[in-house]
Amino acid sequence: MTTNRERQKRKRDSRIFHTMLLIFIVFAILAVVVVGLRWMTGSGRNDNPASIAGTELSQPMDDSSSESTENSQPSSNNTQSESVGTDTQEALDTTQLSNESIPAAVTTATDGLFAQAAGTWTLDGQVTNAHLEESGKEYHSLQEMFGTGSGYGGEVTIQPDGAITYYIGIGNGGTGQGEILGDEISVLITPYEPHSDEEEIRTFHLETVEEKQYLVMDFSGEKLYWGRKTAE
Numbered sequence: 122m123t124t125n126r127e128r129q130k131r132k133r134d135s136r137i138f139h140t141m142l143l144i145f146i147v148f149a150i151l152a153v154v155v156v157g158l159r160w161m162t163g164s165g166r167n168d169n170p171a172s173i174a175g176t177e178l179s180q181p182m183d184d185s186s187s188e189s190t191e192n193s194q195p196s197s198n199n200t201q202s203e204s205v206g207t208d209t210q211e212a213l214d215t216t217q218l219s220n221e222s223i224p225a226a227v228t229t230a231t232d233g234l235f236a237q238a239a240g241t242w243t244l245d246g247q248v249t250n251a252h253l254e255e256s257g258k259e260y261h262s263l264q265e266m267f268g269t270g271s272g273y274g275g276e277v278t279i280q281p282d283g284a285i286t287y288y289i290g291i292g293n294g295g296t297g298q299g300e301i302l303g304d305e306i307s308v309l310i311t312p313y314e315p316h317s318d319e320e321e322i323r324t325f326h327l328e329t330v331e332e333k334q335y336l337v338m339d340f341s342g343e344k345l346y347w348g349r350k351t352a353e
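Our numbering applies: residue 122 is where the sequence shown begins, and numbers increase by one.
Written as structure tokens, this is what we have:
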């Protein structure tokens, strides 16, 4: 449970970080565009014949001064070109680095896993008890986990938009909105019973056993197997 909460916190922190990084990139690109426009505007004024003529008339008729001005202007233009080129390359490098460092976002509810798992699933006591017995962990049967209430069975319903509800036996169950993390569905459960001591986070994944597909729930470290409910 602690691991899943930490993972969700890291996910939120990562989203905030990457949002700030993207904002920084946008401002950097805007700065490059502004510098480029200013440089182009200044270049256009220097190329204007009237501007050149006015400059020549306002300057003393000194050959050495004219040569110095003509020699210094290309150097200034070259410096501006190099500066704009450097800023543009830095912005491109920053954009490429940010794209490489941003991890894949959490899959939305329109993606395939919700569609595959959508529907109603019933708790398969036989398969689950066999797995519990074989795993040799804390529990060896559903009755040990949920008491005599396990005889009432259980159901999980997953909507195409990721909304999930479930119950097991008496007093165990809840509802929540699922998120797809890799090949698993993770859901923060709000229990039906306020006094319920069940974990808040449940994970589900699809698994095939002997050519039959099951929805597998991780419940307190144990695997519970759910078969798709058939029409009665």
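For every residue, glycine included, the Cβ atom is placed at its ideal position computed from N, Cα and C. These numbers were taken from a predicted model, which means no experiment stands behind them.
Exercise for the section: For Pro224, count neighbouring C-beta atoms within 10 Å of its own C-beta (all shown protein chains included) and say buried if the count is 16 or more, exposed if not. Expected result: A caution first: Pro224 carries a pLDDT of 37, below 50, which makes its placement in the model too unreliable to give a value.
Practice task
Leaving aside the five residues before and after Glu305 along the sequence, list all residues of the same chain whose C-beta is less than 7 Å from its C-beta, in chain order.
Solution key: Thr324, Phe325, His326
Exercise for the section: Determine the contact status of Trp242 and Lys333, defining contact as a CB-CB distance below 8 Å. Expected result: no
Handout entry: Status (buried if at least 16 other CB within 10 Å, exposed otherwise) for Thr162
Key = exposed
Handout entry: Enclosing beta strand (DSSP E) for Thr278 [first to last residue]
Key = 275-279
Exercise for the section: Tell me, please, whether the CB atom of Phe138 is closer than 8 Å to any CB atom in chain E? Expected result: Absence of chain E from the displayed structure is noted, only one protein chain being present.
Problem - Delimiting residues of the beta strand (DSSP E) encompassing Ala284 - result: 284-289
Exercise for the section: Can you tell me the Cβ-Cβ gap for Glu314 and Gly297, rounded? I've got them flagged as a contact below 8 Å. Expected result: The pair is not a contact, with the Cβ atoms about 15 Å apart (cut-off 8 Å).
Exercise for the section: Would you list the one or two residues that DSSP bridges to Val337? Expected result: His326, Tyr346
Practice task
Rank Val153, Gly283, Val330, Thr269 by C-alpha distance to the C-alpha of Val308 and give the top, closest one.
Solution key: Gly283
Exercise for the section: Identify every residue that forms a DSSP beta bridge with Ser256. Expected result: In DSSP, Ser256 forms no bridge with anything.
Handout entry: Nearest-angstrom Cβ-Cβ length linking Gly365 and Gly295, presumed shorter than 8 Å
Key = Outside the modelled stretch of the chain, which goes from 122 to 353, sits residue 365, for which no answer is possible.
Exercise for the section: Per DSSP, which residues does Trp242 bridge with? Please list them. Expected result: Val277, Arg349
Exercise for the section: Please state if the CB of Tyr288 and the CB of Gly275 are separated by a distance shorter than 8 Å. Expected result: yes
Exercise for the section: Give the DSSP-derived three-state secondary structure of Gly294 in the structure shown. Expected result: strand
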